[in-house]
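If you're matching positions, the sequence shown starts at 1 in this note's numbering and goes up one per residue. Read through the structure below, which is laid out as structure tokens, and then see the notes.
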Amino acid sequence: MRRTLIDPCCDGCWHSHAEYCKDLLSCLVDGPHCHESTACAQERGRRLHALRRDVVDRPTIFVGTGTCGLGAGAAKTLKAIESWLVEHDHSADIVEVGCIGMCSVEPLVDVQLPGRTRVCFQKVTEKMVPALLDQALAGEMPAAAVLGQHRNDLLQPWDGLPYLDEHPFFAPQTRWVLANCGIIDPSDIDEYLAFGGYRALSKVLNDMTPAEVCSAVELSGLRGRGGGGFPTGRKWSIANRQAGPQKYLVCNADEGDPGAFMDRAVIEGDPHRLLEGMAIAAYAIGANKAYVYIRAEYPLAIKRLLHAIAEAKAHAFLGEQILGTDYHLEIVIKQGAGAFVCGEETALLHSIEGRRGMPRPRPPYPAQAGLFGKPTVINNVETLANVPAILDRGAEWFASVGTAGSKGTKVFALSGKIDRTGLVEVAMGTTLREIVFDIGGGIPDGKAYKAAQVGGPSGGCIPTQHLDIEIDYESLKTVGAMMGSGGLVVMDEATCMVDVAKFFMDFIQRESCGKCIPCREGTRRMLEILQGITRARRSEAGTDALQRFQGVMALEQLAEVIKDTSLCGLGQTAPNPVLSTLRYFRDEYEAHIYERKCPAGACAELLTYSIDVERCVGCGLCLKACPTQAILGTLKSPHYIVAEKCISCGSCFAVCRPQAVRVE
């Protein structure tokens, strides 16, 4: 029988007048083929409500055990919950879910009682568990720990508790890719099905040709979410038109940018969404084998993805004769060693082939000759995770959100000097100000916003004067930044922009594959120049000062040469952090170069320490702490610092109780 997903379809299809099929998945896939369709529809509704947690027979406790939650102590919280239930002989279900996005208040624990809405609690440490469960399972929700209650019109809400979707962090978001993350059990395929999972795949395999799928994705306006933003449907169409029996699909889950964790969270929280998107993409280009290239530093994501692949195979969503059709697909996980350059698509292909991850010139492009010389499409996790909803709801639905050239939503990993860190998903066209101040809650400790690094090491810094820029592919380029994979690191007034540029240049230089001279040698020379700018005069000898000044004069020209002559996209964008900081924070560079001072007070070597004689009580603590004997003085008399001996280590400042040591 040809297997199709039909909505609505019977959930308890009758093989006799009295026996329901016990396999929910089979009923959802096969559709109604019984004589008691009304009874089946009622049973289907009951079981779907149960899987969606609209109906729970006993208390259910959800624990966020994504990597961010585990890092905050969720494993200890989970163990404490299990111990409490055993100790009190209390019957309850425990469900492990992924990250809902608000990483700054992990560990997160949700409690749902029969007939009542699900309530999310924040910062639930193991010590908080007994008091929390004592009250929550008795029907008294401790309001102080509540982040918000989930909205569900089928359940009775709690009086006086705010709704989660009204929280300032969640209210401005448009959660499409992240819709299930933190909500469903990522290890249960039935829960994914209950929320409409694999419905798009069934539609595609039974009602659409590969060319029609490519056309629909192109019509939606979906662009690659991993870097340059190439139209996804157009890339698929190119590969679809290539002749030959063997083609490949590759999912790039390498995610090597500092501060980026979008792919990891999606895989950990909703792995079947990625697999469904990959199956649709592979069908569209005519591929029967696909790879997920994922960094080995993501063990939890790999574990959940392997489990999801096994589930999908067992239920005919992967493997041979998918959904009863003649289409088949094998998905293989390839673990990367963490090389940043393997985020570049041709280097990634070399790594899968077992070779050193190094880029190659293009053309030919991978869609023409990629993995093992065969036509290959490479998309990142977020791109593929968007595909099921596009095919299920239609291209027009997706294109209705966003800007003229950038449709849909974008997921950002919000981190740095920001009050609410985590994963956010916003409609294209949302301003940077909305993300930083409305969703992120602004800068902590009353400090001022200075810049936001968008797009990782290859991106640029966006200063205060461009806070109202609309986030899309074209607008970011106008201010010297780029969308990249979606890392967004916020910096406050205490951040030195020269130091930021040095940090990213150090990262890029170490991660350069070394194949082309402009990237290998050029980034090294740029790093040396930046190191010279942040070095104190006492650290120089011979002609160091002259070479330092010569390097500064050549810095911008060197950056432009690297951009124009590097082999791959990573090398071509490597100078961006320097160019963008020079563009908007030239005064900080000039202070470092001419005055040898760091206005932000972040460059240790350029700090000057002195002792306020009026506040110094002569306790001698600073004298004892100084590693170079640069402090002189007698007991109970004011001390002073010999500038020529001081190495600006800050030891005196750290131990001075009367705060007599001044830093400039």
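Yeah, the Cβ is synthetic: ideal placement off N, Cα and C, and Gly gets one too.
- In this chain, the beta strand (DSSP E) harbouring THR409 covers 409 to 416.
- The beta-carbon separation of VAL426 and THR409, rounded to 6 Å, stays under the 8 Å limit for a contact.
- Selection ARG524, ASP419 and ALA604 evaluated against CYS496 yields ALA604 as nearest (Cα-Cα).
- Distance between MET505 and VAL489, taken at the CA atoms: about 16 Å.
- In the three-state scheme derived from DSSP, where H, G and I count as helix and E and B as strand, PRO271 is classed as helix.
- With 16 or more other CB atoms across the displayed protein chains lying within 10 angstroms of its CB, THR430 is buried.
- With 16 or more neighbouring CB atoms inside 10 Å of its own CB, ILE100 falls in the buried class.
- For PHE170, the secondary structure class from DSSP, reduced to helix, strand or coil, is coil.
- The alpha-carbon of GLY650 is positioned some 13 Å away from that of GLN629.
- For LEU274, the closest of VAL377, ALA308, ASP326 and LEU155 by C-alpha to C-alpha distance is ALA308.
- DSSP lists LEU414 and VAL454 as the beta-bridge partner residues of LEU488.
- DSSP, read as helix, strand or coil, puts LEU391 in helix.
- When only Cα atoms are considered, GLU560 and LEU178 end up about 38 Å apart.
- By the Cβ test, the region 158 to 177 is not in contact with the region 192 to 211, since fewer than three Cβ pairs between them sit closer than 8 Å.
- Annotation for CYS103: no alpha helix (DSSP H) segment contains it, and DSSP assigns it neither H nor E.
- Under the three-state reduction of DSSP output, TYR473 falls in the helix class.
- Cβ contact annotation for GLY620 (same chain, cutoff 7 Å, sequence separation greater than five): LEU635, in chain order.
- Non-local C-beta neighbours of SER104 in its own chain, meaning closer than 8 Å and more than five positions away in sequence, comprise ASP419, ARG420, THR421 and GLY422, ordered along the chain.
- The residue among ALA282, MET358, ASP188 and LEU305 with its C-alpha nearest the C-alpha of ILE267 is LEU305.
- Counting only residues of its own chain and dropping the five nearest sequence neighbours on each side, TYR283 has a CB closer than 7 Å to the CB of VAL204, LEU205, PRO210, VAL213 and TYR327.
- Proximity to LEU147 across ASP165, GLY139 and LEU133 peaks at ASP165, based on C-alpha coordinates.
- Rounded to whole angstroms, the Cβ separation of LEU582 and GLU556 is 7 Å, and the two are in contact under 8 Å.
- Straight across, the Cα-Cα distance linking PHE372 with GLY569 is about 21 Å.
- By the neighbour-count definition (other C-beta atoms within 10 Å, threshold 16), GLU344 is a buried residue.
- Taking the Cα of GLY459 as reference, the smallest distance to any Cα among ALA75, THR478 and LEU113 is reached at THR478.
- With contacts defined as CB atoms closer than 9 Å, ILE611 and ALA660 qualify as a contacting pair.
- As computed with DSSP, SER610 is found in a beta bridge with ARG662.
- In this structure, VAL217 places its C-beta atom within 9 Å of the C-beta atom of LEU391.
- Counting other Cβ atoms within 10 Å of its Cβ, TYR298 reaches 16 or more and is therefore classed as buried.
- For ILE439, the closest C-alpha among the options ALA339, PHE170, GLU470 and ILE469 is that of PHE170.
- LYS515 and GLY259 have their alpha carbons spaced roughly 26 Å apart.
- The region 226 to 238 makes no contact with the region 83 to 91; the number of CB pairs closer than 8 Å stays below 3.
- Secondary structure of THR478 (DSSP, three-state): helix.
- When DSSP states are grouped into helix, strand and coil, PHE62 belongs to the strand group.
- Exclusion of the five residues before and after SER237 leaves CYS214 as the residues of its chain whose Cβ lies within less than 6 Å of its Cβ.
- For PRO627, the closest alpha carbon among the candidates SER566, VAL613, ARG615 and LYS645 is that of LYS645.
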